[in-house]
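Chains as they are written, first to last, in the numbering used here: chain U, 1 to 142; chain A, 143 to 284. Single-structure report; data block below.
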DNA sequence: ATGCAAATGCAAATGGTTCGCATTTGTGTT
DNA sequence: AACACAAATGCGAACCATTTGCATTTGCAT
Ligand SMILES: [Mn+2]
Ligand SMILES: [Mn+2]
Ligand SMILES: [Zn+2]
Ligand SMILES: [Zn+2]
C-alpha cells in the first residue's frame, strides 16, 4: 500500500500535516472512522485543528477516490476508510465494528444471470457480511 | 402480501388514518421513500398531518419490523420501504431509483467458506446491485 | 358513553455536516 | 532566500434531517 505522502503527490494535493495525519490514522485503523473520530484523535497530537477542516479534507479525498465514505447501520454518521483498489467485500463485526476484507467475490457470475432475467444493466454491487469476529465470538461465548 | 389493516392488527397497533396511509403509500411504491416524501404525498389528501408524526410512525413500524429503513448513496436522508419477509436482494436503478427484488441468493454457500477461512461468525449479509433498469437503459441509449 | 393510554400537532431543540469569510500556509517562480 | 498567489485552514454561523417536550386529541377496551 502507498504511503500517505505518495497518495497526496499522486493526486497533486498539497502536503499538509493534517492531510497526512488523516491518511495515517485511516491507514492504521482496522475499522471505519467518523469525521469526529478523526478530529478527536488529531486533537491528541495537534491542539489546533478544526472539525470543518477534517470534513473538507475528507471531502477532497472522497472526490479523488483516496478515501471511501461508508454508511453503516450501527451509526448515523458517515464513516470513512481508505479506499480499496481491488474489488472485494467486507466482514463487519457487529460487536466491535472491526472490518476484515475478503478478496473473493461470489457474485459476478450471478450478475449476468439476473441482468438477463430482469433486463437490468447491472454496473456494480455492494456486498457486506455482518457477524462476530473471532475475538468477539470468543469473548461473548464465555 | 398482507393488507395495511392486517399489518396493524398483527402488531397490536391502533388503526389510525395516518398509519394506514403510510402503509398504503409504501405498498404501492416501486422505490424507497423518505419521511418527507411520505409527508408530502399525505398532505395531498389530508391537510392536517405533521412531519414528526410521520417520523414517529416510521419509527414504530421499523421497531415492529413492518418497515425497513434503508441507507442509499444517492440520498443522505434515511429512506423507507415495506419490510420483506423472505431473504432476497435488490436491483436498484441508479437513474430513476426504481427497486426490483430478486429472490435468489448466490451467497449462502460462500458464507460458510469465509466463515471458516476468516474465523468470523457470519450472521447475515447485505447485497444490492446497482445499474440501469430496462426503461432507463432504453431511454439513455437513445 | 366514559376513561385512559397512545397518537398527534406544533414549535423548539439536536446533531451531523456545510458554508462564508478573514487569515495562514504550501509551493512554484523570481 | 524572498515573493506571489492559489489553496488550505480556523472559527462561527447556517443548514437540514431527525428528535423531543408538551398540550391536545383520538382509538379502543370497558
Ligand atoms: Mn463482488
Ligand atoms: Mn443473500
Ligand atoms: Zn468484533
Ligand atoms: Zn431506472
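Where a beta carbon is used, it is the ideal one built from N, C-alpha and C, also for glycine.
- Between the alpha carbons of residue 129 of chain U and residue 189 of chain A lies a gap of roughly 43 Å.
- As the crow flies, the alpha-carbon of residue 20 of chain U is around 7 Å from that of residue 5 of chain U.
- A Cβ-Cβ separation of about 7 Å places residue 175 of chain A in contact with residue 167 of chain A under the 8 Å criterion.
- Residue 94 of chain U and residue 132 of chain U do touch by the CB rule: their CB atoms are close to 7 Å apart, below 8 Å.
- Of all residues in the segment 7-34 of chain U, none places a beta-carbon less than 8 Å from a beta-carbon of chain A.
- Within the DSSP bridge table, the entry for residue 128 of chain U names U:90, A:268 as partners.
- Contact of residue 260 of chain A with chain U is assigned, a C-beta pair being separated by under 8 Å.
- With a threshold of 7 Å, the Cβ atom of residue 277 of chain A counts as near ligand 4, since some heavy atom of the ligand is closer than that.
- Within the same chain, Cβ atoms closer than 7 Å to the Cβ of residue 208 of chain A are found at 149, 153, 225, the five residues on either side in sequence being excluded.
- Interface with chain A (8 Å Cβ-Cβ cutoff): residue 52 of chain U is excluded.
- Checking the 7 Å criterion, the Cβ of residue 123 of chain U is out of range of every heavy atom belonging to ligand 4.
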